[in-house]
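Just below is one structure, and these are the notes that go with it.
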Amino acid sequence: MAQFVGKVIGTQMMKTAKVEVTRMVLHPHVLKYVKRRKKYLCHDPESSCRVGDLVMIRSCQPLSKRKHFNVAEILDLSPAHRAEIEREQGRLGELEGTPGTTATEGSSS
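In the UniProt record's numbering, the protein residues as written are 1 to 109.
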């Protein structure tokens with residue numbers, strides 16, 4: 001079972017992330033290492049990946065003509081994705097921190 005670590009470069013398709021995997025290969029004539037990149041379409045069932053995230057992908061049975069990998073886990077979030085999550089948590093904290101009003105508090109007899 002093949003697994004790679006790559007960076008999400010696109011999430012325009014539903015439940016699919018385009019992941020770019022970079023590897024170093026020894027050039028046969030120059031005898032120096034050069035970068036080789038390949039792009040994979042990966043199944044992301046929860047659509048939880050954002051552009052810039054670092055993810056681990058694992059091979060699986062073919063899901064479509066070009067989709068043969070699943071997003072196994074998100075290793076590191078992009079700065080924009082991290083800020084978005086912090087904003088959501090801040091809003092939830094504000095909502096939980098405010099005391100709720102009930103019908104008995106507002107009525108005066």
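Beta carbons: idealized from backbone N, C-alpha and C, even for Gly.
Beta-carbon gap between residue i and residue j smaller than 9 Å
i      : j      : result
His-68 : Ser-78 : no
Val-8  : Gly-52 : yes
Gln-12 : Ile-57 : no
Cys-42 : Ile-74 : no
Closest residue to residue i among the options (Cα-Cα distance)
i      : options                        : result
Lys-15 : Leu-95, Val-71, Leu-31, Ala-83 : Val-71
Val-25 : Glu-88, Ala-17, Leu-92, Lys-38 : Lys-38
Arg-36 : Cys-42, Asp-44, His-27         : His-27
Glu-46 : Pro-62, Arg-87, Lys-32, Ala-17 : Ala-17
Residue i - partner residues in DSSP beta bridges
i      : result
Lys-39 : Glu-20
Leu-26 : Tyr-33
Gln-89 : Gln-89 is not bridged to any residue.
Glu-73 : Met-56
Lys-7  : Glu-20, Leu-54
Lys-67 : Leu-41
Contact with chain B by residue i, beta-carbon distance below 9 Å
i      : result
Gln-61 : Judged by its chain identifiers, the structure shown contains no chain B, having just a single protein chain.
Cβ-Cβ separation, residue j to residue i (assumed contact under 8 Å), whole Å
i      : j      : result
Val-55 : Tyr-40 : Not confirmed; about 10 Å, so no contact.
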